[in-house]
Every structure is written in C-alpha cells, then in structure tokens.
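Student: For the sequence shown, this note's numbering begins at 2 and goes up steadily by one. The C-beta atom is built at its ideal place from N, Cα and C for all residues, glycine as well.
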Amino acid sequence: MILDIIVAVIIILAVIKGYRQGLIVALFSLVAFVIGLAAAIKLSVVAADYIGKAVKISDKWLPVISFAVVFLIVVLLVRFGAKFIQKTVELAMLGWANRVGGVLLYGVLY
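Next comes the structure, spelled out in structure tokens:
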C-alpha cells in the first residue's frame, strides 16, 4: 500500500514536470547533459590553459574548475536554444503537443 502511494506520487510529479517543461526542453536537457559531458572531457585541458593564464588558481584545482566551466557553458547554451525553439513551437500553436510529449516522456523516464 505504501509502495503504491510512493509510486503514484513519483508518477504525478513526473507528469507535472513533463507538462511544465514540455517535450522540447526535456529532450534538450538530456542532450545538453550528454554534449556538455563530452565537451568538458575533450575541452577541459584547453580551457585549463586559458583559465590558468587568466586567473591565479592552484594547479590542483585547475582541471576541476575548467571541467565545470566548460560543462556549464555548453549546458546553458543548449538550454537557451531549447527555450528559443520552445517559444517558436508555442507561437505555431503546437504548445499542447509539446506539453503532451513532455508528459509522455517524463512518464516513461520515471
């Protein structure tokens, strides 16, 4: 009984989150994480050189900071793109399809 209630609450929260974000933002959030991780792995060494020259940071912390900076920049750029595309979809009066898709996606993910 308690497990059923917990599962129902999780599904309800997933549906609410999917409705609020929509399919476009949900998919782009997943893509942003994957691309951000890949870019941070590949570019953190290059970013560490630039950050090390610009700011006095211990060599011990430089790789961690450069990884975080690259990851955050990529994720934010992809999220801004997703918001722009979502506004375009809403202007085309397809916002309902976006929200239904978000509900379905989050329902499956959770």
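How would you write the range of the alpha helix (DSSP H) that K54 sits in, first residue to last?
Tutor: Counting from 1 along the sequence shown, the entry for residue 54 is found at position 53. Start and end: I3 to A55.
Student: What residues in its chain sit with their C-beta under 7 Å from that of I36, if we drop five residues either side in the sequence?
Tutor: Here residue 36 refers to the residue found at position 35 when the sequence shown is read from its first residue. Hits under 7 Å: V75 and V79.
Student: Three Cβ pairs or more, each shorter than 8 Å: is that satisfied between the segment 52-71 and the segment 87-98?
Tutor: Not touching, per the Cβ criterion.
Student: As a quick exercise: from I3, Q22 and D5, pick the residue whose alpha carbon is nearest that of K88.
Tutor: Sequence index remark: in the sequence shown, residue 88 carries index 87 (1-based). K88 has its Cα closest to that of Q22, out of I3, Q22 and D5.
Student: Taking G102 as the reference, which of I3, L4 and A27 has the closest Cα?
Tutor: Stepping through the sequence shown from its first residue, residue 102 is reached at position 101. Measuring from the Cα of G102, the nearest candidate turns out to be A27.
Student: Out of curiosity, what's the CA-to-CA distance linking K43 and I25?
Tutor: Here residue 43 refers to the residue found at position 42 of the sequence shown. Here residue 25 refers to the residue found at position 24 of the sequence shown. Each residue's Cα considered, the two are about 26 Å apart.
Student: Measure the CB-CB distance between S67 and I86 and report whether it falls below 8 Å.
Tutor: Taking the first residue of the sequence shown as 1, we reach residue 67 at position 66. Taking the first residue of the sequence shown as 1, we reach residue 86 at position 85. Their beta carbons are not under 8 Å apart, which means S67 does not touch I86 by this criterion.
Student: On the criterion of 16 or more Cβ atoms from any shown chain inside 10 Å, does V47 qualify as buried, or is it exposed?
Tutor: To locate residue 47, count along the sequence shown from 1; it is residue 46. Answer is exposed; the Cβ neighbour count stays below 16.
Student: With a 10 Å radius around its C-beta and 16 neighbouring C-beta atoms as the bar for buried, classify F29 as buried or exposed.
Tutor: Position 28 of the sequence shown, counting from 1, holds the residue named residue 29. F29 comes out buried.
Student: Excluding the 5 residues flanking F81 on each side, which residues of the same chain have their C-beta closer than 6 Å to its C-beta?
Tutor: If you number the sequence shown from 1, residue 81 lands on position 80. Result list for F81: empty, nothing under 6 Å.
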